[in-house]
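Undergrad: First the structure, then my questions, so here it is.
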Amino acid sequence: MPGALFLSLLLSPELGRVALALAACLALAQFALPLLGAQRGDPRLMATAPALAWGQLACLALAFVCLAAAAVGDDFSVRNIAENSAVAKPLLYKLTGIWGNHEGSVLLWSLILGICGAAVAWFGRGLPTSLHARVLAILGGTACGFELFCLLTSNPFDRVWPAPMDGHGMNPLLQDPGLAFHPPILYTGYVGFAVPFAFAVAALLEGRVDAAWGRWVRPWTVAAWCFLTCGIALGSWWSYYVLGWGGYWFWDPVENASLLPWLTGTALLHSAIVVEKRESLKIWTVLLAIGTFSLSLSGTFLVRSGILNSVHAFANDPTRGVFILGLLGLVIGGALLLFALRVHTLTAGGLFAPLSREGALVLNNILLCAICAVVLTGTLYPPFASLLFGQAISVGKPFFDATAVPMALPIFAAMAIGPMLPWKRARLAPVISRLWWAAVLAALAWGWSAFGIKGLLPILAFGFAVWVIAGAAADLASRTQLFRIPVRDSLRRARMLPRAALGAAIAHAGVGVTVIGLAGMSQAEHAIVSVHTGESVALAGYRWTLTGLADARGPNYTARVATIAVTRDGRPIAVLHPSRRDFASQGQVTSEVAIHTNLVTDLYAVLGDEHGSGAGHTAVLRLHDNVLAPWMWLGALVMAIGGGLSLSDRRIRVGAPTRARHRLPVPAE
Amino acid sequence: MTALARRRVLALLPFGAALAAGGGFWAMLSGMRHGSFDPHDIHAPVLDRTVPAFDLPAQAPGTGFSSADLRAITRPVLVNFFASWCIPCVQEAPVLAELGRKLPIWGIAYKDQPDNAAGFVARTGAPYARIAADRPGLAAIDWGVSGVPESFLIRPGGRIAWHLAGGLTQPVIDTELMPLVARFGG
Numbered sequence: 015m016p017g018a019l020f021l022s023l024l025l026s027p028e029l030g031r032v033a034l035a036l037a038a039c040l041a042l043a044q045f046a047l048p049l050l051g052a053q054r055g056d057p058r059l060m061a062t063a064p065a066l067a068w069g070q071l072a073c074l075a076l077a078f079v080c081l082a083a084a085a086v087g088d089d090f091s092v093r094n095i096a097e098n099s100a101v102a103k104p105l106l107y108k109l110t111g112i113w114g115n116h117e118g119s120v121l122l123w124s125l126i127l128g129i130c131g132a133a134v135a136w137f138g139r140g141l142p143t144s145l146h147a148r149v150l151a152i153l154g155g156t157a158c159g160f161e162l163f164c165l166l167t168s169n170p171f172d173r174v175w176p177a178p179m180d181g182h183g184m185n186p187l188l189q190d191p192g193l194a195f196h197p198p199i200l201y202t203g204y205v206g207f208a209v210p211f212a213f214a215v216a217a218l219l220e221g222r223v224d225a226a227w228g229r230w231v232r233p234w235t236v237a238a239w240c241f242l243t244c245g246i247a248l249g250s251w252w253s254y255y256v257l258g259w260g261g262y263w264f265w266d267p268v269e270n271a272s273l274l275p276w277l278t279g280t281a282l283l284h285s286a287i288v289v290e291k292r293e294s295l296k297i298w299t300v301l302l303a304i305g306t307f308s309l310s311l312s313g314t315f316l317v318r319s320g321i322l323n324s325v326h327a328f329a330n331d332p333t334r335g336v337f338i339l340g341l342l343g344l345v346i347g348g349a350l351l352l353f354a355l356r357v358h359t360l361t362a363g364g365l366f367a368p369l370s371r372e373g374a375l376v377l378n379n380i381l382l383c384a385i386c387a388v389v390l391t392g393t394l395y396p397p398f399a400s401l402l403f404g405q406a407i408s409v410g411k412p413f414f415d416a417t418a419v420p421m422a423l424p425i426f427a428a429m430a431i432g433p434m435l436p437w438k439r440a441r442l443a444p445v446i447s448r449l450w451w452a453a454v455l456a457a458l459a460w461g462w463s464a465f466g467i468k469g470l471l472p473i474l475a476f477g478f479a480v481w482v483i484a485g486a487a488a489d490l491a492s493r494t495q496l497f498r499i500p501v502r503d504s505l506r507r508a509r510m511l512p513r514a515a516l517g518a519a520i521a522h523a524g525v526g527v528t529v530i531g532l533a534g535m536s537q538a539e540h541a542i543v544s545v546h547t548g549e550s551v552a553l554a555g556y557r558w559t560l561t562g563l564a565d566a567r568g569p570n571y572t573a574r575v576a577t578i579a580v581t582r583d584g585r586p587i588a589v590l591h592p593s594r595r596d597f598a599s600q601g602q603v604t605s606e607v608a609i610h611t612n613l614v615t616d617l618y619a620v621l622g623d624e625h626g627s628g629a630g631h632t633a634v635l636r637l638h639d640n641v642l643a644p645w646m647w648l649g650a651l652v653m654a655i656g657g658g659l660s661l662s663d664r665r666i667r668v669g670a671p672t673r674a675r676h677r678l679p680v681p682a683e
Numbered sequence: 171m172t173a174l175a176r177r178r179v180l181a182l183l184p185f186g187a188a189l190a191a192g193g194g195f196w197a198m199l200s201g202m203r204h205g206s207f208d209p210h211d212i213h214a215p216v217l218d219r220t221v222p223a224f225d226l227p228a229q230a231p232g233t234g235f236s237s238a239d240l241r242a243i244t245r246p247v248l249v250n251f252f253a254s255w256c257i258p259c260v261q262e263a264p265v266l267a268e269l270g271r272k273l274p275i276w277g278i279a280y281k282d283q284p285d286n287a288a289g290f291v292a293r294t295g296a297p298y299a300r301i302a303a304d305r306p307g308l309a310a311i312d313w314g315v316s317g318v319p320e321s322f323l324i325r326p327g328g329r330i331a332w333h334l335a336g337g338l339t340q341p342v343i344d345t346e347l348m349p350l351v352a353r354f355g356g
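These protein sequence lines map, in sequence, to chains A and B.
Per the working numbering, the very first residue in the first sequence carries number 15; after that it's consecutive.
Per the working numbering, the very first residue in the second sequence carries number 171; after that it's consecutive.
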């Protein structure tokens, strides 16, 4: 096709490299000019920021399209494509494979940062000019660093000579729709926290944090948080159904790296409410905003430097690590130094009563940050113990289960009460009058689960989950005065309810759903059995029969497929087809898990190796009954939907910044 | 210290923490480049040394053992770390059953529920002469176990003579393990 050839010649990797370099130059200008302008009070210099942000995004998009053209057009003279793609790879995975490797993912990371910059340029038009310019400048400076990192140490456009006829192909484990969209969503979450970070640094430069600042920061935080929540859930779901270990969370450093900013990000989106409503907790919120992005950055990049020992393998390269560390030092160290030097310009907020909305939010912050500190310690202890004491230590699931998990229980206990408390000073009696039935439900759940569930922690978690969901419902019921006024009036009130309040209740209920899933999963049963064809085993009230084993062929693999019939009391429930795929070209064997779900329980089967021949032929099967497993991820989805609803609230979407522009004078420097 | 000075010091704390962490990471990275630091290095640090001290509870259906018992042996013993949740252990079981007729095998159940481990032994017919339970996995760390199954040949006097990370196979037993057993008077 001459058209396609022309297009691929036009969108050459060299053009991509030039576009990336140009983006880095524009980002540098976006950093320097507006910052200088804001310092001097020069409106012309400040006004360059939005245009530069748009220009940078255009260049990054062009670079990304060039890489995509090389990937789709099978240009194996590009090293990155040759190493990660192949002619036989399906088109979808050629596209998603762009970010399935280190170089491409850094480019995607930069592109998302560029999108964030353009979004701030567009949606932040109503911000005070100097704040807008400074936020964009900080975003530009950060972007410049990552674009340089991409250009200098991880260039996806490098050529290879001689060009191979076909590429190496992709890791078959990554050839999966769930994983294809996991990185963009997760990165959007990580990178999204760059915006609150930029707001925090800009506030330190400006020397002011006020209610309006809290109102501007919150939607960006909520948006990033929604993406991060979905990203973590997708990653966990992927490891559940692809890795075939039957687990969903392994406390692996890569997983912890995504959990840490989620914890502080959750704390941030709550403390920003206090800044907005009470002009309090300002210094803490600024520190949280800096800390959340710092954790996002250091987590993802330290994993790639090879310091943290992880099952998720990225190309580890200490040289690259030194560049990353320098970059992190500039971004994080610079921000924290600025914090230390400028924090005295921010006025500390007043004290407030422990029993009040803000008191509950402070409790939320303390508990979330405590969990974050524990997880951080557990994650960093092995490399530091190795460095300082020369000991090889592994900190794993038992540590985190024993420390982080119990610390979450007080959060659940407080979660239902907090939204019910009024600001400034609250009394317990009205809250109890609205929440008593949630407490009764939780007590019933505890009573029931004490007989139905094994283990103290799952029992506690289950009851608390019911408490959280019922608390969210009670919150909505009391806001709409359900059963106190006629139902029709309640419905009218429900329609008038601020979306932010509705979103918060839904997100809280989502947490409850996830916790129910976690409590259910702790009751999961599994067995590893070696069976003949026709033999059956009993597990979790089901009868699992291996009815057959067969060979099958796929596009680039051969497979061995088992057929397992599951019955309960003689009734057929499901037929499972777990298989083992042999990707000869990569010399890799993967297990395809078979899952049958009815949303209450997952029947989960994995085919292991086979032994013997003839009548002695047996196959090893791993069978799981994973109770309530889907709820864990459904809950995360509900949380993100709640966040999205809160974002669509008119008050934070349009009204506030424009009104604020007229009310707030630009501070004189 | 005045209130203002105290606030200044407090405000410097996050920077100080980040600086310390950054310094640590820099030391690790430069160590990785010079080969003096390797977070991925998993090896058995105990080869050719006396077995590390441990005292583990017994695991049904066997009698337990401690490091003192291993140091007191007069014939070679194979110590085998296993777990009911590990598929390679299931695969290894037939070979192990065969080997058990020639060589005493002492098992250590690694991070396993006692019931599951007992069920595993009963199901697979693993020929453990004695079984100990290492539920927290701490003894395994001292042994340098990188995963299950992992086997160590202990020679009389309690020194570790040989080690294999992964499942035992007949060729490995014939060519590597049994000659050593013969040498140490098995």
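Glycine included, each C-beta is placed from N, C-alpha and C at the ideal position.
To be precise: take each residue of the segment 272 to 288 of chain A, compare its Cβ to all Cβ atoms of chain B, and keep it if any distance is under 8 Å. Which residues remain?
TA: Residues: none.
Undergrad: For A/Leu-590, which residues from the same chain have a beta carbon less than 7 Å from its beta carbon, with the 5 sequence-adjacent residues on both sides left out?
TA: Around A/Leu-590: Ile-578, Val-580, Ala-608, His-610, Leu-617, Ala-619.
Undergrad: If contacts are defined as beta-carbon pairs under 8 Å, then B/Gln-229 and B/Ala-292 qualify, I think. What distance do you get, rounded to the angstrom?
TA: Actually they do not touch by this definition, with Cβ atoms about 12 Å apart.
Undergrad: Return the CA-CA distance between A/Asp-224 and A/Val-300, expressed in angstroms with no decimal places.
TA: In a straight line, the C-alpha of A/Asp-224 is about 11 Å away from that of A/Val-300.
Undergrad: Taking only beta-carbon positions, decide if A/Ser-408 is within less than 8 Å of chain B.
TA: With 8 Å as the cut-off, A/Ser-408 counts as an interface residue toward chain B.
Undergrad: Which residues of chain A have a Cβ atom closer than 9 Å to the Cβ of B/Gln-261, listed in chain order?
TA: Those within 9 Å of B/Gln-261 in chain A are Ser-544, Gly-622, Asp-623, His-625, Val-634.
Undergrad: Could you name the residues of chain B that A/Ser-319 contacts, counting a contact when the two beta carbons are closer than 7 Å?
TA: Per Cβ cutoff of 7 Å: Leu-199.
Undergrad: Do you know offhand how far A/Glu-28's Cα is from A/Leu-81's?
TA: Distance between the alpha carbons of A/Glu-28 and A/Leu-81 is about 10 Å.
Undergrad: What alpha helix (DSSP H) runs, 4 residues minimum, are completely inside the segment 559 to 594 of chain A?
TA: As far as the segment 559 to 594 of chain A is concerned, it has no whole alpha helix (DSSP H) run of at least 4 residues.
Undergrad: Contact criterion: CB-CB distance below 8 Å. Does B/Pro-306 meet it with respect to chain A?
TA: With 8 Å as the cut-off, B/Pro-306 counts as an interface residue toward chain A.
Undergrad: Assign B/Ala-214 to one of three DSSP states: helix, strand, or coil.
TA: Per-residue confidence for B/Ala-214 stands at a pLDDT of 48, beneath the threshold of 50, marking its modelled position as unreliable; the derived number appears in the next sentence. Coil.
Undergrad: In terms of DSSP beta bridges, what is B/Ser-321 paired with?
TA: Looking at the DSSP assignment, B/Ser-321 forms a beta bridge with B/Asn-250, B/Leu-334.
Undergrad: I'd like to confirm something about B/Gly-186: is its beta-carbon nearer than 7 Å to some heavy atom of the ligand SAH, or not?
TA: Absence of the ligand SAH is noted for the structure shown, with no ligands found whatsoever.
Undergrad: Cβ of B/Arg-177 less than 8 Å from any chain A Cβ?
TA: Yes, B/Arg-177 counts as interfacial toward chain A.
Undergrad: For B/Lys-272, is the classification buried or exposed, using 16 other Cβ atoms within 10 angstroms of its Cβ as the cut-off for buried?
TA: Exposed, by the Cβ-count rule.
Undergrad: Note down, one range per segment and in chain order, each beta strand (DSSP E) of at least 3 residues found wholly within the segment 86 to 121 of chain A.
TA: Qualifying beta strand (DSSP E) stretches: none in this window.
Undergrad: Where A/Trp-259 and A/Leu-219 are concerned, what is the direct C-alpha to C-alpha distance, given to the nearest angstrom?
TA: About 49 Å.
Undergrad: With DSSP run on the structure shown, which of helix, strand or coil describes B/Trp-276?
TA: If DSSP states are grouped into helix, strand and coil, B/Trp-276 belongs with the strands.
Undergrad: Considering A/Gln-602, what are the terminal residues of the beta strand (DSSP E) in which it resides?
TA: Start and end: 602 to 606.
Undergrad: Is there at least one Cβ from chain A nearer than 8 Å to B/Leu-182's Cβ?
TA: Yes, because at least one Cβ of chain A sits closer than 8 Å to the Cβ of B/Leu-182.
Undergrad: What did DSSP end up calling A/Ser-124 once you bin it into helix, strand or coil?
TA: Of the three classes helix, strand and coil, the one that applies to A/Ser-124 here is helix, per DSSP.
Undergrad: Would you say A/Ala-430 and A/Ala-452 are within 8 Å of each other, going by their C-beta atoms?
TA: Yes, they are a contact pair.
Undergrad: Hey, how far is the Cα of A/Val-634 from the Cα of B/Gly-205?
TA: Each residue's Cα considered, the two are about 41 Å apart.
Undergrad: I need the boundaries of the beta strand (DSSP E) containing A/Ser-550, first residue and last residue.
TA: It spans 550 to 553 - the beta strand (DSSP E) in which A/Ser-550 sits, taken as one unbroken run.
Undergrad: Please decide whether B/Ala-214 counts as near chain A, where near means a Cβ-Cβ distance under 8 Å.
TA: Here the model assigns B/Ala-214 a pLDDT of 48, short of 50, so the residue's position is not dependable and the matter cannot be decided.
Undergrad: Contact defined as beta carbons within less than 8 Å: I believe A/Gly-87 pairs with A/Asn-98. What is the distance between those atoms, to the nearest angstrom?
TA: So it is not a contact: roughly 14 Å between Cβ atoms.
Undergrad: Please report the distance separating the alpha-carbon of A/Ala-521 from that of B/Arg-219.
TA: Each residue's alpha carbon lies about 56 Å from the other.
Undergrad: Within the 8 Å Cβ cut-off, does A/Arg-677 reach chain B?
TA: Bear in mind that the predicted position of A/Arg-677 carries a pLDDT of just 44, short of 50, making it unreliable; the figure below should be weighed with that in mind. No, its Cβ sits nowhere closer than 8 Å to a Cβ of chain B.
Undergrad: Assuming A/Phe-414 and A/Trp-265 form a contact by the criterion Cβ under 8 Å, report the distance between their Cβ atoms to the nearest whole angstrom.
TA: At roughly 5 Å, the Cβ-Cβ gap stays under 8 Å, so A/Phe-414 and A/Trp-265 are in contact.
Undergrad: Take A/Leu-375 as the anchor and find which of A/Val-409, A/Leu-435, A/Ala-349 has the nearest alpha-carbon.
TA: Ranking A/Val-409, A/Leu-435, A/Ala-349 by Cα distance to A/Leu-375 puts A/Leu-435 first.
Undergrad: So is A/His-284 buried or exposed if we call it buried at 16+ other beta carbons inside 10 Å?
TA: That one is buried.
Undergrad: Are the C-beta of B/Leu-266 and some C-beta of chain A separated by less than 8 Å?
TA: For B/Leu-266, the answer is no, since every Cβ of chain A falls outside 8 Å of its Cβ.
Undergrad: Listing by chain order, which chain B residues have their CB less than 7 Å from the CB of A/Ile-346?
TA: Within chain B, the residues near A/Ile-346 are Ala-188.
Undergrad: Find out if the Cβ-Cβ distance for the pair A/Gly-51, A/Ala-147 is shorter than 8 Å.
TA: It is a contact, given that the beta carbons lie within the stated cut-off.
Undergrad: Counting only Cβ pairs nearer than 9 Å, list the residues of chain A close to B/Ile-257.
TA: Ordered by position in chain A, the residues that pass the 9 Å Cβ test against B/Ile-257 are Ile-542, Val-620, Gly-622, Asp-623, Val-634, Arg-636.
Undergrad: Ordered along the chain, which non-local residues of its own chain (more than five positions away) have a Cβ less than 6 Å from that of A/Leu-449?
TA: Correct list, in chain order: Ala-488.
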